[in-house]
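Following: one structure in structure tokens, then a few remarks.
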Amino acid sequence: MKEVPNILWLEEIRKEDISSVGGKGASLGEMASIGLPVPPAFVVTAQAFRRFLVETGLDQKIFKVSDNLDVENNAALEKAADTIKALVMKAKMPASLKDDIKASYKKMSQKDLIVAVRSSATAEDLPDASFAGQQETYLNIKGEVALLSAVQNCWASLYGARAIYYRAKQGFEESTVNIAVVIQQLVHSEKAGVMFTSHPISGEPTTIIEGSWGLGEAVVSGSVSPDNYVFDQRTESITEKTIANKNVEIVPDGSHGTKLVEVDAARQDAQVLSEAEVAKLAMYGKIAENHYGIPQDVEWGIVAGTIYILQSRPITTIGKKEATSMSGQSKDAKILLKGQGAAPGTATGKVVIIRDAKDTGAVKEGDILVTRMTNPDMVPAMKKVAAIVTDEGGMTCHAAIVSRELGTPAVVGTKTGTQQLKNGQLVTVDGEMGLVYEGAVGGAAKAAGAAPGVVGSAPMITATSVKVNVSIPEAAARAAATGADGVGLLRIEHLILGLNKTPGWYISNHKEEEFVKELYDGIRIVLDAFPGKTVWVRTLDAPTDEFRNMAGGENEPMEHNPMLGWRGIRRDLQSPDQFRLQVEAFKRLWKAGYDNLGVMFPMVSHPDQFIKAKQMMAGWGVDVENATLGIMIEIPSSAIMIEDFLQAGIKFASFGTNDLIQYTLAIDRNNENVADMYNPQHPAVLSLIHSSIQKCREYGVECSICGQAGSDPKMAVWLVEHGITSISANIDAIAKIREAVARTEKRIILEAARNRDAE
744 MKEVPNILWL EEIRKEDISS VGGKGASLGE MASIGLPVPP AFVVTAQAFR RFLVETGLDQ
804 KIFKVSDNLD VENNAALEKA ADTIKALVMK AKMPASLKDD IKASYKKMSQ KDLIVAVRSS
864 ATAEDLPDAS FAGQQETYLN IKGEVALLSA VQNCWASLYG ARAIYYRAKQ GFEESTVNIA
924 VVIQQLVHSE KAGVMFTSHP ISGEPTTIIE GSWGLGEAVV SGSVSPDNYV FDQRTESITE
984 KTIANKNVEI VPDGSHGTKL VEVDAARQDA QVLSEAEVAK LAMYGKIAEN HYGIPQDVEW
1044 GIVAGTIYIL QSRPITTIGK KEATSMSGQS KDAKILLKGQ GAAPGTATGK VVIIRDAKDT
1104 GAVKEGDILV TRMTNPDMVP AMKKVAAIVT DEGGMTCHAA IVSRELGTPA VVGTKTGTQQ
1164 LKNGQLVTVD GEMGLVYEGA VGGAAKAAGA APGVVGSAPM ITATSVKVNV SIPEAAARAA
1224 ATGADGVGLL RIEHLILGLN KTPGWYISNH KEEEFVKELY DGIRIVLDAF PGKTVWVRTL
1284 DAPTDEFRNM AGGENEPMEH NPMLGWRGIR RDLQSPDQFR LQVEAFKRLW KAGYDNLGVM
1344 FPMVSHPDQF IKAKQMMAGW GVDVENATLG IMIEIPSSAI MIEDFLQAGI KFASFGTNDL
1404 IQYTLAIDRN NENVADMYNP QHPAVLSLIH SSIQKCREYG VECSICGQAG SDPKMAVWLV
1464 EHGITSISAN IDAIAKIREA VARTEKRIIL EAARNRDAE
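Residues in the sequence shown are numbered consecutively from 744, following our numbering.
Here it is as structure tokens:
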């Protein structure tokens, strides 16, 4: 294996390099690669840090201090952390590493460039564990001496008490966690903040943007209650706007560090972002979400009208906790405080006011923690409490993010919580509505542990199977937690696009085995999450314009409309080597015992294509008569000719409504001039779906839907009424679709019984 150097430049980095550059570094490299406006940067790799530990003998010393540490013992935890950090700071950085850092800094700019030095732990920003705030960031760093000191401080921060505690609770082995350091040109933001590309609780397609004056640290840390903008991606418009009083901002302090200063009176109540800036930020956010295949938490800054994307990591909190309604129970209760509902759920407990992290020893299980704003040092205490209330902050502040991850109800931005509430006072917190009530209000949990469980636990059983759509393996566990009856669509193009190399590149560079293994491993993760349940994997369906920007995409054809071009099964049939590699991954999975795997061919327009695909698979050793092979119905011709497909031997069919609607109505839903004509319930579309369902029922073949329309409860009702076998919805829609299906089935049974009684 090639040795990883001490330094990697942003242009060299992709998400596969996370073990070398950490979550921040990998994310910045990915974002730069897809054209997002990311400031220049280089990374001091995790391997450089490991060499530092080994060459100085620190690795053994650290192990001795941290081995068998009881992280619940605050005194022992603090002592161990202080000891290890002191060891790291006193150690002498190897000369070769110093020289590499100084040379890279000079390469970035001959003058002493002002940079941000950001920790990037190799276990952070994973899809199911956010490490926000666990390691340090140093802003406004200028000169070699200050830079080297900041790098060593970042290394030491890996062993802060909060970081050690968090890793222990998340199950990460201390000896396996490394740290990289990102050195990035500092953006002297005039305004900055954070954006969630989808709603961080419900997963709805609404972008939430929070911004304030100065550097973004003011928003992230909760030093200020920011402006809040809600942008609906479906209508491409701002649906909610809250302009806050922003009395402080964080700005660079001379040639080193930052300072908190008062905002001049004229700007305190002024709107930070224009509508155009909100729309552009939302567009950048959507690009990042589409690239990663999962909603993102994005940091941004704006200078002289230019937007910069500074960081992106997965949102890890969608669907973690079900919001409980207190309507009816809270009608007569006295409201003490109003703020922003930042983490759903309700809880009752006694107030404990914390003015400093050192006071957290006073916190007991089931208390209501009230503070101006939480910080990472408070995380151990935050894990104990029933709910959290803060004076400052918004949906994207530390308190909000950590509360959602912990599943703890939280209300932020109350302004006066620490003044109005008293220690020992009994209150009830409603983290959905952003309210704090006096006393115990009926129905609220007495402690965090009593709060509701995971969204979509789905106790109801329906005759119509309710399945889930999955785009990336990292989402498999969350998808399985919905209680879905299987996977109705696993898109493998996200696996392939994530490699940033076309299948053709692997073939021409004789790395076919590497490609097959990537597919095998990714699909297997999803299959393992759904034992005994069907998982339908769609073969590659990437338009040529997506391939063109990847290694090996230099010879991709220029197509006027790639959506109508060389994609889906039509491309696989003409590129047998590309198809063969996918089939090889499927063969190995079937051989390994994954008989719940089904293969679905996209963009099929004639039965001859299905027959040809079967023949090719048989030629490569697949027992096609016993394999579960099906088609997507997304071209009108496949719906019209469905009986011919059934006679050709398909084992299942699934509607891809996004394309079926566009192709039936000749509507490009991304074209603003005609987008309002995009109608999933157009009579012509419904007629094609209805006739296909009836034919599949006649032949005893499962008929499903996996397009966006399957996530609409109204459409689900219609589909059940018309006899569909299964519905596959997006992760966040499973609970509401199952409820719609169950209600419709009960109504159909009831109506049938009443009709029999009337006869």
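The C-beta atom is built at its ideal place from N, Cα and C for all residues, glycine as well.
Next item on the list: Starting from the C-beta of Arg1234, find all residues in its chain whose C-beta is less than 7 Å away, skip the five residues before and the five after it, and write them out in chain order.
Entry: Ser1214, Arg1281.
Item checked: Cut-off 7 Å between Cβ atoms - residues of its own chain near Asn921, not counting five sequence neighbours on either side -> So the list reads Ala789, Phe792, Arg793, Thr865, once near-sequence residues are dropped.
Notebook entry, point to check: Residues in its own chain within less than 6 Å of Ser998 by CB, not counting five upstream and five downstream?
Noted result: Within the same chain, Ser998 has close Cβ partners Lys885.
Note to self: For a quick check, are the C-beta atoms of Ile952 and Leu891 less than 7 Å apart?
What the structure shows: Between Ile952 and Leu891, the CB-CB gap reaches or exceeds 7 Å.
Check: Which of the three DSSP states, helix, strand or coil, is assigned to Phe874?
Finding: Any reading at Phe874 must be qualified, since the residue scores a pLDDT of 43, below 50, and its modelled position is unreliable; no value is offered.
Check: Can we count Met1420 as close to the ligand ADP, meaning its CB is less than 6 Å from some heavy atom?
Finding: For the ligand ADP, the structure offers nothing, since it holds no ligand at all.
Next item on the list: Verify whether the separation of the beta carbon atoms of Pro748 and Gln928 is less than 7 Å.
Entry: Their beta carbons are not under 7 Å apart, which means Pro748 does not touch Gln928 by this criterion.
Checklist line | Exposed unless 16 or more other CB atoms sit within 10 angstroms - verdict on His1141 | finding: It is buried - the Cβ of His1141 has at least 16 other Cβ atoms within 10 Å.
Margin query: Please report the straight-line C-alpha distance between Cys1446 and Thr1468, rounded to a whole angstrom.
Written below: The straight-line gap from Cα to Cα measures roughly 5 Å.
Margin query: DSSP three-state label for Asn817, please.
Written below: Note: Asn817 maps to helix in three-state DSSP.
Item checked: Segments assigned beta strand (DSSP E), at least 3 residues, entirely inside the segment 1319–1389 -> DSSP runs (the beta strand (DSSP E)) wholly in the segment 1319–1389: 1340–1344, 1371–1376.
Margin query: Does the structure place the segment 1337–1345 close enough to the segment 1261–1279 that three or more beta carbon pairs sit under 8 Å?
Written below: The segment 1337–1345 and the segment 1261–1279 touch, with three or more beta-carbon pairs separated by less than 8 Å.
Margin query: Can you look up Asn749 in the DSSP assignment and give me helix, strand or coil?
Written below: If DSSP states are grouped into helix, strand and coil, Asn749 belongs with coil.
Next item on the list: Can you say whether Gly800 is buried or exposed, counting buried as having 16 or more other CB atoms within 10 angstroms of its CB?
Entry: Under the 10 Å beta carbon count, Gly800 is surrounded by fewer than 16 other beta carbons and is classified as exposed.
Next item on the list: From the DSSP output, in three-state form, read off Pro1246 for me.
Entry: Residue state, collapsed to three classes: helix.
Next item on the list: Using only alpha-carbon positions, find the residue among Asn816, Glu933, Pro1319 that is nearest to Gly1104.
Entry: The shortest Cα separation from Gly1104 among Asn816, Glu933, Pro1319 belongs to Asn816.
Notebook entry, point to check: If you run the structure through DSSP and keep just helix, strand and coil, what is Phe806?
Noted result: Assigned with DSSP and collapsed to three states, Phe806 falls in helix.
Item checked: Three-state class that DSSP yields for Ser1017 in the structure shown -> Note: Ser1017 maps to coil in three-state DSSP.
Note to self: Helix, strand or coil for Phe795? Go by DSSP, reduced to three states.
What the structure shows: Helix.
Margin query: Taking 8 Å as the cut-off, does the segment 1006–1026 touch the segment 753–764 (at least 3 CB pairs, one atom from each stretch)?
Written below: Look at the beta carbons and you see the segment 753–764 not touching the segment 1006–1026: under three pairs across the two are nearer than 8 Å.
Item checked: Pairwise C-alpha distance: Met1293 and Ser1046 -> It is worth fixing the name first, because residue 1046 is Val in this sequence and not Ser. A straight line joining the alpha-carbon of Val1046 with that of Met1293 spans about 31 Å.
Check: Bridge partners of Met938, per DSSP?
Finding: The bridge partners DSSP lists for Met938 are Ile952, Val1041.
Margin query: For the beta strand (DSSP E) containing Arg1313, name the first residue and the last one.
Written below: No beta strand (DSSP E) holds Arg1313; the alpha helix (DSSP H) holding it covers 1311–1317.
Check: Buried or exposed: where does Gln1054 fall if 16 or more other Cβ atoms within 10 Å of its Cβ makes it buried?
Finding: Looking at its Cβ environment, which holds 16 or more other Cβ atoms inside 10 Å, Gln1054 is buried.
Check: So Tyr1421 is in the alpha helix (DSSP H); what residue range does that whole segment cover?
Finding: Run containing Tyr1421: none; DSSP gives neither H nor E here.
Margin query: By the three-class DSSP mapping on this structure, what secondary structure does Gln853 have?
Written below: DSSP, read as helix, strand or coil, puts Gln853 in coil.
Next item on the list: Output the distance between the C-alpha atoms of Leu1464 and Met1343, rounded to the nearest integer angstrom.
Entry: The identity of residue 1464 in the sequence shown is Glu, whereas the question assumes Leu. Distance between the alpha carbons of Glu1464 and Met1343: 25 Å.
Note to self: Quick check: Glu887 and Ser862, are their CB atoms within less than 7 Å of each other?
What the structure shows: Here Glu887 is not near Ser862, since their CB atoms are 7 Å or more apart.
Check: Are Pro1152 and Gly1109 close, meaning C-beta to C-beta below 7 Å?
Finding: The answer is no: Cβ separation not under 7 Å.
Next item on the list: Pick out the complete alpha helix (DSSP H) segments inside the segment 957–1000, 4 residues or longer, and give them in chain order.
Entry: Here the runs fully enclosed are 960–964.
Check: If you run the structure through DSSP and keep just helix, strand and coil, what is Thr1282?
Finding: Residue state, collapsed to three classes: coil.
Next item on the list: Tell me whether Lys1081 sits in a helix, a strand or coil according to DSSP, three-state version.
Entry: Here Lys1081 sits in strand by DSSP.
Check: Nearest-angstrom Cα distance between Trp898 and Phe795?
Finding: Approximately 10 Å, taken between the alpha carbons.
Note to self: Please classify Ser852 as buried or exposed, where buried requires at least 16 other C-beta atoms within 10 Å of its C-beta.
What the structure shows: Answer is exposed; the Cβ neighbour count stays below 16.
Note to self: Less than 7 Å between C-beta atoms, sequence neighbours within five positions excluded: which residues of the same chain meet that for Gln1011?
What the structure shows: Apart from the 5 residues on each side of it in sequence, Gln1011 sits with its Cβ closer than 7 Å to the Cβ of Asn988, Lys989, Asn990 in its chain, given in chain order.
Notebook entry, point to check: By Cβ distance below 6 Å, which residues in the same chain neighbour Gly1399 in space, the five residues on each side in sequence not counted?
Noted result: Answer for Gly1399: Met1375, Glu1377, Gly1450, listed in chain order.
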